[in-house]
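Start counting the sequence shown at 9; every next residue gets the next number (UniProt numbering).
Built from N, CA and C at the ideal position, the CB exists for glycine as well.
Step one of this worksheet: look at the structure below.
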Amino acid sequence: DRPICASLPVLGKDVTVPLVTGGEVAYAALDYAASAPALQRVWDDVAAYAPYYGSVHRGAGYLSQLSTDLFESSRRTVAEFLGCRADDQVVFTRSTTDSLNLLAAALPADCEVFVFETEHHASLLPWRDARVTCLDAPRTPGQAVESLERALVGRRPNGPALVCVTGASNVTGELWPVRELAAAAHAHGARIVLDAAQLAPHHPVDITELDVDWAAFSGHKLYAPFGSGVLAGRADWLQDAEPYLAGGGASRKVARRTDGGVDVEWHTTAARHEAGSPNVIGVYSIASACKALTEAGFGTLVAREQHLVSVVRAGLAEVPEVRVLSLFGDDAPRVGVISFVVEGWNSSHFAAALSAEYGIGVRDGLFCAHPLVRTLLGGEARDPGECGAPESEPGEKSLNAIRVSFGAGTPDEHVERFVRAVK
Ligand code: PMP
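What follows is the structure, given as structure tokens:
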């Protein structure tokens, strides 16, 4: 019954924060967009499997067979969760960042890539070996589609091209017009990959229905924080590419040549890009989360989350110093991710005070989306992670932002406390 406390350094002083009181989690972790807490079902499934863990694909023993079975059935569960087409591949990776780097490494020669400047760095930066066109931040979903169409019209005809777009922004939480962008990409002979890191935990993502070529997401944002991610979609570019990692598991046949070299025949299945012993628990936990979310029903989850979004929006709207960041306007549909600045406040100090004085964990900074936050803040922005918490005087423009994010399992009390604290 004694409160469990953490001692946290806040503005140079150690402050004691209650984390658990009377058996209840007292600390309101409202930072789901960074990493979401594991669902109980995920903990339970992982705990039940852990004693039977064995290496996959190679062992003759019972535990290896069981683990291989769970690993491969997890692939089918994820394919179903994402509404994959029959010939799509599901590749297990470490994260969304890893998935998009894998795809970047698999681009055909001379591929052009189109991205908006609004992307998370994980979808903005991996394409550096390709010819990249970075598009201005649109101010409506319609503008996003028009801007992409204009750019694609001007592209090299018949060459391979890829569009990379996020489904829900990790800064504003706003939903992007994925279906329309996919239609525009395909109309101009380009492919499209969906960064579903922030979309998949909050909304159903159906690759077939959205008609995207690939989708990527991370387990730790989908309530499965055990170090795995997913890249799912078209097999052809993946099959034709050099393996992402070279090693055991990716190779079907390896032979020493008489001239001293080594010949390799690589797999053409997802295994081609999964060399080395895979993270079975990470993969199994993703499948467990997919099942739990499907069983809970996205209809129920979305309705509950939208209730929390409206509580936060209404609360913030009552504070004149607060400016909520948005590209598409205040009424644009969004997931439970909301960033804002408070006039006269340094965002880092504000976030530290929410933690130390109210037991609320949010994030401050530029959220690995520097160009977007710079646009939203109207020019200058600095990341506290890189150069220390930027000092600003009362009344000065904030150089970074505060982000509150939540999802499945967030109690009303946490967002109500957040609103009270901001007020
Ligand atoms: N894309 C988006 C939209 C994200 O929010 C994030 C994580 N903040 C990533 C990609 C990268 O995810 P990870 O760090 O799990 O690789």
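- By the neighbour-count criterion, in which 16 or more other beta carbons inside 10 Å mark a residue as buried, V171 falls on the buried side.
- Exposed is the label assigned to R164, since fewer than 16 other Cβ atoms lie within 10 Å of its Cβ.
- Sorted by chain position, residues whose beta-carbon lies closer than 5 Å to a non-hydrogen atom of ligand 1 are S103, T104, T105, H128, A130, T174, N178, D203, A205, Q206, S226.
- Note on geometry: alpha-carbon atoms of V381 and H129 lie some 12 Å from one another.
- Per the coordinates, the alpha-carbon of G175 lies some 7 Å from the alpha-carbon of Q206.
- The three-state secondary structure of C376, taken from DSSP, is coil.
- About 6 Å separates the CB atoms of G91 and E217; that is less than 8 Å, so the two are in contact.
- Per DSSP, the unbroken beta strand (DSSP E) holding F348 starts and ends at 345–350.
- In this model, G323 and H422 are separated by some 13 Å (Cα to Cα).
- CA-CA distance, W274 to S63, rounds to 21 Å.
- In this structure, L384 places its C-beta atom within 9 Å of the C-beta atom of T180.
- For A113, the uninterrupted alpha helix (DSSP H) segment begins and ends at 104–113.
- Taking the CA atoms as reference points, A112 sits about 11 Å from V140.
- Taking 3 residues as the shortest admissible run, the region 169–222 contains the following complete beta strand (DSSP E) segments, listed from N- to C-terminal end: 169–174, 199–203.
- The beta carbon of K431 sits closer than 8 Å to the beta carbons of G323, E326, V327 from its chain, once the five residues preceding and following it are set aside; these are given in chain order.
- Taking each of P379, E365, A364, A360 in turn and checking the Cα distance to I410, the smallest one comes out for A360.
- Ranking G352, V412, Y366 by CA distance to the CA of F375 puts V412 first.
- Partner residues in the beta bridge of W274, as assigned by DSSP, are S259.
- Contact holds between the region 225–237 and the region 37–50, because three or more Cβ pairs, one in each stretch, are under 8 Å apart.
- A straight-line Cα-Cα distance of about 10 Å links D219 and R199.
- G323: member of the alpha helix (DSSP H) spanning 306–325, first to last residue.
- Bridge pairing for A37: G369 [DSSP].
- Out of E182, D39, E120, P209, the CA that lies nearest to the CA of V310 is found in P209.
- If you keep only unbroken alpha helix (DSSP H) runs of at least 4 residues inside the region 48–104, you get 48–57, 70–89.
- Around the beta carbon of R260, a 10 Å sphere encloses fewer than 16 other beta carbons of the protein chains shown; the residue is thus reported as exposed.
- Residues A416 of the same chain have their beta carbon placed closer than 8 Å to that of A304, with the five preceding and five following residues left out of the count.
- Nearest Cα to H65 within the set A58, S75, P59: S75.
- A377 is not a Cβ neighbour of S103, given a cutoff of 9 Å.
- The shortest CA-to-CA distance from S318 to any of D118, H357, R342, G307 is the one to R342.
- Each residue's CA atom was taken as its position, placing E80 and V173 some 28 Å apart.
- The beta-bridge partner set that DSSP reports for E120 consists of R139, A169.
- In terms of Cβ geometry, L202 and L110 do not form a close pair [threshold 9 Å].
- R331 is not a Cβ neighbour of V345, given a cutoff of 9 Å.
- With 16 or more other Cβ atoms from the protein chains shown falling within 10 Å of its own Cβ, V370 counts as buried.
- Counting only residues of its own chain and dropping the five nearest sequence neighbours on each side, E120 has a CB closer than 6 Å to the CB of R139, R163, A169.
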